[in-house]
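Peer 1: Chains as they are written, first to last, in the working numbering: chain V, 574 to 1296; chain F, 19 to 503. Just passing along the structure, written as structure tokens.
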Amino acid sequence: MKLASKSCLPFTLILSATAPGLAEPIDFNRDIQPLLNKHCAECHGGVKQRGDLNLTSRALAQAGGKSGEPLLVSGRPEESELFLRLTHDDVDLRMPPKTPLKEREISLIQNWIRQGASWPEHWAYLPLKKASPPKVLKQDWPANEIDHFILHRIEKEGLKPSPPAMPGSLLRRLSLDLTGLPPTVEELQSFQSAWQTDPEVSLEAAVDRLLASPHFGERWGRHWLDQARYADSDGYEKDNPRPNAWLWRDWVIRSINDDMPFDQFTIEQLAGDLLQDADSSQNLATAFHRQTLRNTEGGTDPEEDRVKRVIDRVATTTRTWLGLTLECAQCHDHPYDPLTQLDFYRLYAFFNEADEGEVQIPVDTGKTLKAAVMKGHGKRKTYLFHRGDFLQPEKDKGVIHPGGISSLHPLHSPAGNPSRMDLAKWISSRENPLIARVTTNTIWLHLFGSGLVLSPENFGSQGQRPTHPELLSWLADFFIESGWSRKEVIRKIVTSQTYRQSSRHRLEYTSHDPENRLLHRQNRKRVEAEIIRDLHLSVAGLLNAETGGESHFPPIPEDVAAQSFANNFKWNVSKGDNRYRRGMYTFFKRTAPAPNLMTFDCPDSNTSVTQRNVSNTPLMALATLQNIVFHEASQALARRIEENPALTNNQQRVAYLFQLALSRLPEKNELHIVLGLLKENHSHYLDHPDQTRELCGENNPSLAAWTATVRIITNLDEFITCP
Amino acid sequence: MISPEEFYLRTRRDFLATSASGLGGVALAHMLGSDANAAENALTHFAPRAKRCIFLFMAGAPSQLDLFDYKPKLNELDGKKMDPSILEKMRFAFLKKESATLMGSKRTFHKHGQAGMWFSDLLPHLASCADDLCMIKSMHTTQFNHHPGQLMMQCGEPHFGLPSIGSWLTYGLGSENENLPGYVVLLAGRGSSGGATLYQSGFLPSSFAGVRFRNGDEPVLNLRNPKGISPGVQRRGLDALRKLNGIAHESIRDPEIESRIAAYELAFRMQTAAPELADLSGESEKTLEAYGVDRVDPATGGRGKGGSRTWSTFSRNCLLARRLAERGVRFVNLIHASWDQHSNLDKELEFNAGMSDQPVAALIADLKERGLLDETLVVWGGEFGRTPLGENRPGRKPNTGRDHHPNAFTMFMAGGGVKPGFHYGETDDIGWEPASNPVHVNDFHATLLHLFGIDHLKLTHRHGGADKRLTSLTRESKVIHDLLT
């Protein structure tokens, strides 16, 4: 198809005249890729290649185009088919067919071509660069390399970083981020006095202590469980319990406490069974991929369900380790990224060949328990499925052999036909540009509330670009150089000045950096569902802080348990202080999850989740005000305050309460409000002995007044927010 | 860089969106300003016809062939085998193809209303509302197992982690009541296969998840004060809480704190509004009787029975649905789970139809009488249909029930801008598949959103690299304009 290209010239000239910021350099990733994805990819992407044109990568784009006209002529938009077709005055030839691009968008493309039509590889696929930390003006600010990257941007934008958080606040932040438990009053006081002597030394000591805490593995293990879609039941209609699922959950906690290098952590979970002389722990590790749902509903085709699990394993693996949405390529090539349907089925072949099995795991009691794991490699053949339908294997296209993603680094297979072990090594390879970026970004996300890449599960072209690409690259490199140590990355981040900043909002920057992308302050983070429960139990002194073991059954409403299909399952409330285990040990029944978790945005464990939602609803308020576990915590906390012989007056008691619950002393006006409330409550309960007994089990108006008062402190926004 | 005014709008919008049980929604957000996710979602592309929806989800799959889809030919062919070439491509949950035979219906059918809509003798009350109903007999789906099928119907695709219809509607439009959640779920009988996954918010914030209203005196979980906390103590405590949170906000300036203050105030209002909603003492004798609130389950129960008061619970839920609609709650999902009649079809269907018939008819009549039906869309249906073949699973008495059938099933709607007294689509002589005007579940979704003034292609949310929507991204779904007034 020949174009009367001259016909567009007048239009072009008008455009050039009105184009804003002609001199402004155009960045393909920032300015052009989103336009291509939005307006062109539907017909010229991985799914459809109308006119044989595929715009998902430069190579494909240059190769394509039925018309044979050059798509892009560097410096010459008027000779570039891409530009000409956007502006063609023949409606039948103009692209996109229905609605033309806006003038501003067209001029962006025009300027981009004029500036050389640079189309670099997508940032996430570029090899890691050992970027040297940039110079900064405020040289006394940085504590480490991270601060150079952050401060450099802050200064470039004409901003200033925030002052550091108060020591108590910092310790609370560290304790919640690293262990999910608040500092005790003793820890708080000794940290504050050590801080007086030497802030750096006291900080390092606190970080060492928290990284070594057994609760560190619980805290960071739970993040991993979200990605692994861990649950204690099968899901679907029958949703049968998985009584031994916790064995693998404990493997995760142990591995993270031991700071198992992340490459090994990866290899063991994806292919631990294939390690030479694999021990029971390495076999158990492969239960990562036994967290898939299982449908045992009558009439389910077992093969169909198996295929679903295999597909889920591909999707979860690529999302978790590579930040890619390869599942989109199940039915067709990826619409936006250079990922093909063949890539999907090559990865599929690895998991298709694997069998599901069981292994005996020795436990503390001397007994062994059966754990569901992955095993060996079977003989199943893999074919492309037409439109992803397992009933339509495309046998005419031949058997698909296991292999890596073609646009990434090569997958080595010393033994010929690649095994799951080769896949695991391919993923954890230093050559892999994604794994370290994706993993350090996720760590960052848990420490700052959002990642350097705001779409942590998608590093593809539809995801967000990093706010600090060089920092991400540096961190990823540091991660690998530290021997894939998550603890070292965390230590590096939490000892930075960037992390230590106050989280107070700065109104002067609301127009310049409203979402704090530059990190001119720390972000406040509402803590997760499990941690909210842990906090309440912890300050009440009720928490049973035992690590690991079977999942537990705290009280839930009867009708929630009954909701589970056909009542095939009984929620027998745990006895003794097992009802006060940490929230992460609550038995997770997929079709009837505990409301105290779900109300606070706990994921439903049916799909892999990297970043949880954070909502703020009246149902949450009702839960922490009224629900039995939180109420029991208020009752216990009140006793802890009221019966403490060391506290001799109410002022002291309120001060202690604040330290316990909020890791700080009350301000004068706060003290006034709390003492006022206490007094009102006290006179109320003096007049209402029945209510007093109902509230605290004895006719003790003082204890009742404290109970009604402490519950207000543990319902403060500050109580459930990492400062 | 954005202006301070825009920043104000944005934080205000975040505040509304995160605390959106009673407020918020993208539509409101859009009115306040634009953002990356919401800006594309210019809502109400069309004049909305419906403002709220009551979805009566008969999970398990009611037998359309014994309720609506009258097939005399099927009765004639009772006991005959089907053409094996048709069966070859089919997949069934339990049925053995080789020996399966067609099974006629034992029900008697009559035409009702001006449009001559067929109903079996099991649905006398609904038959009397024929002139208000818009019935689709040519529904079809892609799933033949319960949980995936239910996800398909409620979330648009047979996958987990997706928002349900009610989540999308409250996300898009918010709620009109400041004291109640925008999306309420009422359950009767035992649980459905899908459990809570049918009304979770998927990748949308949990403020858009369905809130389950319970039976009994605590309609919302944790609504009642702990023992010994009087309303006065609660109020004084909340006053102090507001002041303390206010002090924190003064110093920290995080808008999330304002949002938290609002959430606590809404929680307090809900403590009054929800029991008031559940309190039926102000309803007339006539109304209670029309819905059958005091009905006692017949002795012959079958698997439809979940506990001993399924009929009265269902009736009560229908009445609560009207009270919720009256109060502007956007989406009410009323779930009953036990329509999976693989055997003992006659008895069990009689029980279920008896449970559903009178109160649903009463609900439609009641909404109409109160002038609410025009703006309230009522939907009744399951996740798929049941086979014209009798079920012959080994080890059970053959041909006393029907297997799962995704090819064809019946749903009906009323009010909210759909044509009254109208039936759409026909199946072939034996009810095997649509013979005219097939309606895919996603077409049904597109139509439902259209009734709310929403273009199903434009109510989207970026997740996992794609702009997800209620209708499948891999299928071209269409609004069935013939169904609209």
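No residue lacks a Cβ here, since even glycine has one placed at the ideal position from N, Cα and C.
So, does the CB of E1291 of chain V fall closer than 7 Å to a CB anywhere in chain F?
Peer 2: It does: the Cβ of E1291 of chain V has a partner Cβ on chain F nearer than 7 Å.
Peer 1: From the DSSP output, which residues share a beta bridge with R404 of chain F?
Peer 2: According to DSSP, R404 of chain F bridges with F:H422.
Peer 1: Return the chain-ordered ranges of every alpha helix (DSSP H) run that is complete within the stretch 1218-1273 of chain V and spans a minimum of 4 residues.
Peer 2: You should have 1223-1235, 1241-1260 and 1262-1269.
Peer 1: Enumerate in chain order the residues of its own chain whose CB-to-CB distance from V378 of chain F is below 7 Å, with the five nearest sequence positions on each side excluded.
Peer 2: So the list reads L74, L144, C336 and W398, once near-sequence residues are dropped.
Peer 1: Using beta-carbon positions only, say whether P66 of chain F and F462 of chain F come within less than 7 Å of one another.
Peer 2: Contact: no.
Peer 1: Determine, using beta-carbon pairs with one atom in the stretch 1122-1131 of chain V and one in the stretch 1074-1094 of chain V, whether at least three such pairs fall under 8 Å.
Peer 2: Because the criterion of three Cβ pairs below 8 Å is not met, the stretch 1122-1131 of chain V and the stretch 1074-1094 of chain V do not touch.
Peer 1: Go ahead and pull the three-state DSSP assignment for L367 of chain F.
Peer 2: In the structure shown, L367 of chain F sits in a helix (DSSP, three-state: H, G or I).
Peer 1: Quick check: the Cα distance between G167 of chain F and T160 of chain F, rounded to an integer number of angstroms?
Peer 2: If I take the Cα positions, the gap works out to 8 Å.
Peer 1: DSSP three-state label for D906 of chain V, please.
Peer 2: The answer is coil: DSSP assigns D906 of chain V none of H, G, I, E or B.
Peer 1: With a cut-off of 8 Å on the beta carbons, I'd call L701 of chain V and P911 of chain V a contact; round off their distance for me.
Peer 2: That belief does not hold up - the Cβ atoms of L701 of chain V and P911 of chain V are roughly 19 Å apart, past 8 Å.
Peer 1: How would you list, in chain order, the residues of chain V whose beta-carbon sits under 9 Å from the beta-carbon of G255 of chain F?
Peer 2: L1198, L1250, N1254, A1281, T1282, R1284, I1285 and N1288, listed in chain order.
Peer 1: Just to confirm, is the Cβ distance from E841 of chain V to A858 of chain V under 7 Å?
Peer 2: Contact flag set, yes.
Peer 1: Using a Cβ-Cβ cut-off of less than 9 Å, list which residues of the stretch 1254-1269 of chain V approach chain F; keep chain order.
Peer 2: Of all residues in the stretch 1254-1269 of chain V, N1254, H1257, Y1258, H1261, D1263, Q1264, T1265, R1266, E1267, L1268 and C1269 have a Cβ within less than 9 Å of some Cβ in chain F.
Peer 1: Might you give, ordered along the chain, the residues of its own chain that have their beta carbon closer than 7 Å to the beta carbon of L222 of chain F, omitting 5 neighbours on each side?
Peer 2: Cβ neighbours of L222 of chain F beyond the five flanking positions: P181, S185, Y189 and H479.
Peer 1: Would the beta-carbon of E694 of chain V fall within 7 Å of that of S211 of chain F?
Peer 2: Not in contact: E694 of chain V and S211 of chain F (Cβ atoms no closer than 7 Å).
Peer 1: With H, G and I counted as helix, E and B as strand and the rest as coil, what does DSSP make of Y956 of chain V?
Peer 2: Here Y956 of chain V sits in coil by DSSP.
Peer 1: For Q218 of chain F, return the contacting residues in chain V, with the cut-off set at a CB-CB distance below 8 Å.
Peer 2: The contacting residues are M1171 and D1177.
Peer 1: Can you tell me whether DSSP reads G372 of chain F as helix, strand or coil?
Peer 2: Of the three classes helix, strand and coil, the one that applies to G372 of chain F here is helix, per DSSP.
Peer 1: Beta carbons nearer than 8 Å to chain F: which residues of the stretch 1094-1119 of chain V have them?
Peer 2: Answer in chain order: R1097 and R1099.
Peer 1: Please list the residues of the stretch 261-277 of chain F that have a C-beta atom closer than 9 Å to any C-beta atom in chain V, keeping them in chain order.
Peer 2: Those would be K261, L262, N263, I265, A266, H267, S269, I270, R271, D272, P273, E274, I275 and S277, in chain order.
Peer 1: Output needed in chain order: residues of the stretch 156-186 of chain F with a Cβ under 7 Å from some Cβ in chain V.
Peer 2: Against chain V - using a Cβ distance shorter than 7 Å - the residues of the stretch 156-186 of chain F are N163, H164, H165, F178 and G179.
Peer 1: Taking only the alpha-carbon atoms, compute the straight-line gap between I599 of chain V and W685 of chain V and give it to the nearest angstrom.
Peer 2: Distance between the alpha carbons of I599 of chain V and W685 of chain V is about 6 Å.
Peer 1: In chain order, what residues of the stretch 277-292 of chain F put their CB closer than 7 Å to some CB of chain V?
Peer 2: Going along the stretch 277-292 of chain F in chain order, one finds S277, R278, A281, Y282, L284, A285 and M288 with a Cβ nearer than 7 Å to chain V.
Peer 1: Taking 7 Å as the CB-CB cut-off, is H93 of chain F touching chain V?
Peer 2: For the record, residue 93 of chain F in the displayed sequence is Asn; it is not His. Chain V contact via Cβ: absent.
Peer 1: Would you please verify whether the beta carbon of P911 of chain V is less than 7 Å from any beta carbon of chain F?
Peer 2: Not one chain F Cβ lies under 7 Å of P911 of chain V.
Peer 1: Which term fits S1256 of chain V, buried or exposed, when burial requires 16 or more other beta carbons within 10 angstroms of its beta carbon?
Peer 2: By the 10 Å Cβ count, S1256 of chain V comes out exposed.
Peer 1: Just to make sure I have the definition right: I need the residues of chain F whose C-beta is within less than 7 Å of the C-beta of P1168 of chain V. Which are they?
Peer 2: Within chain F, the residues near P1168 of chain V are L239.
Peer 1: Leaving out five residues on either side along the sequence, give the residues of the same chain with a beta carbon under 7 Å from the beta carbon of F835 of chain V.
Peer 2: Cβ within range, chain order: T1012, W1057 and R1059.
Peer 1: Which whole runs of the alpha helix (DSSP H) in the stretch 597-630 of chain V are 4 residues long or more, in chain order?
Peer 2: For the stretch 597-630 of chain V, whole alpha helix (DSSP H) runs of length 4 or above, ordered along the chain, are 614-617.
Peer 1: Can you list, in chain order, the residues of its chain with a C-beta nearer than 8 Å to that of K943 of chain V? Leave out the 5 residues immediately preceding and following it.
Peer 2: Around K943 of chain V: N817, E931, V932, Q933 and I934.
Peer 1: Please give me, in chain order, every unbroken run of the alpha helix (DSSP H) with length at least 4 that falls completely inside the stretch 1176-1223 of chain V.
Peer 2: Listed in chain order, the complete alpha helix (DSSP H) runs (minimum 4 residues) inside the stretch 1176-1223 of chain V are 1191-1199 and 1201-1215.
Peer 1: Return no unless some Cβ of chain V is closer than 7 Å to the Cβ of V251 of chain F.
Peer 2: V251 of chain F counts as touching chain V.
Peer 1: For the beta strand (DSSP E) that contains M100 of chain F, what are its first and last residues?
Peer 2: Note, M100 of chain F: premise wrong, no beta strand (DSSP E); not H, not E.
Peer 1: Note down the Cα distance separating L535 of chain F from G78 of chain F, rounded to an integer number of angstroms.
Peer 2: Since the first residue shown for chain F is 19 and the last is 503, residue 535 of chain F is missing from the structure and cannot be characterised.
Peer 1: What are the residues of the stretch 398-413 of chain F that lie near chain V, defined by any Cβ-Cβ distance shorter than 9 Å?
Peer 2: Answer set for the stretch 398-413 of chain F: R411.
Peer 1: In terms of alpha-carbon separation, which member of V:Y1072, V:G741 and V:R1099 lies closest to E760 of chain V?
Peer 2: Out of V:Y1072, V:G741 and V:R1099, V:G741 has the C-alpha closest to the C-alpha of E760 of chain V.
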